[in-house]
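Structure first, then comments.
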Amino acid sequence: MPERVTMSDRFTVKTLDRRRVDQAWPLVQTGRAANDRDAWRHYANQLLGTADSGIRTVEGEHGYLHGIYAFKVLPSPRHAKVFQVDMFLALDLIEPEAAIDVLLDDMDQMAVDLGCNAVHLHLPQREGIGASVSVALARALDHGHHREDLRLCRPLA
């Protein structure tokens, strides 16, 4: 997959490379998207470097990470091919909507580039991260997403 950089006035969206996986850990940890650093590294390494998956980050002017999403292209009986986003986090104290909007726009373009017919966006619902998820949900709905299915989780271990 060729590298594509999306830019806004304040943010740049780029593909996370293996050298920056540990730099993303504080953001991932804040959003409680992984149990520990080793689990995060393992997850990131599985997604990076393949044609049908990856991790994209939104950076501010000084290289700080303000948001991240991980994706995988999957087959779908309803949409043929979907751009599945399992981790979507955006934390910007000044303008959280801007970071979220840049990531949502980037998802759409990446999905089109990869031949997908829909974007499936998974937002975390864990207790304690509700405010940022509420903003992300509102922005995603404004962006054209709608509730299509309900996803439940039953951990087995």
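Under the numbering used here, think of the first position of the sequence shown as -14, with each following residue one higher. Ideal Cβ placement from N, Cα and C applies to all residues, glycine included.
**Prompt:** Apart from the five residues just before and just after Leu99, which ones in its own chain have a Cβ nearer than 6 Å to its Cβ?
**Reply:** For the purposes of this step, residue 99 is identified with residue 114 of the sequence shown, where counting begins at 1. Excluding residues within five positions, the ones whose Cβ falls inside 6 Å are Val58.
**Ordered list of alpha helix (DSSP H) runs contained in the segment 65 to 111, each at least 4 residues** = Runs of the alpha helix (DSSP H) inside the segment 65 to 111: 81 to 98.
**Arg41: first and last residue of the uninterrupted alpha helix (DSSP H) it sits in** = Translated into positions along the sequence shown, residue 41 becomes position 56. Premise fails: Arg41 lies in the beta strand (DSSP E), 38 to 44, not in any alpha helix (DSSP H).
**Helix, strand or coil at Ala125 according to DSSP, with G and I counted as helix** = Taking the sequence shown and counting its residues from 1, the one referred to as residue 125 is at position 140. Reduced to three states, the DSSP call for Ala125 is helix.
**Prompt:** Once you ignore the five residues that flank Leu106 on each side, which residues in its own chain have a CB closer than 7 Å to its CB?
**Reply:** By 1-based counting over the sequence shown, the position of residue 106 is 121. Excluding residues within five positions, the ones whose Cβ falls inside 7 Å are Val70, Phe73, Ala125, His130.
**Item:** Under 8 Å between C-beta atoms of Val120 and Glu80
**Value:** Working through the sequence shown from its first residue, we reach residue 120 at position 135. Working through the sequence shown from its first residue, we reach residue 80 at position 95. Contact: no.
**Contacting residues, own chain, Cβ-Cβ under 8 Å from Gly113 (five flanking each side not counted)** = Stepping through the sequence shown from its first residue, residue 113 is reached at position 128. Note on Gly113: pLDDT 48, under 50, position unreliable in the model; the coordinate value appears next. Excluding residues within five positions, the ones whose Cβ falls inside 8 Å are Arg17.
**Asked** Which residue's Cα is closest to the Cα of Ala75: Tyr54, Asp93, Ser61?
**Response** Locating residue 75 in the sequence shown gives position 90, counting from the first residue. The candidate whose alpha carbon is nearest that of Ala75 is Tyr54.
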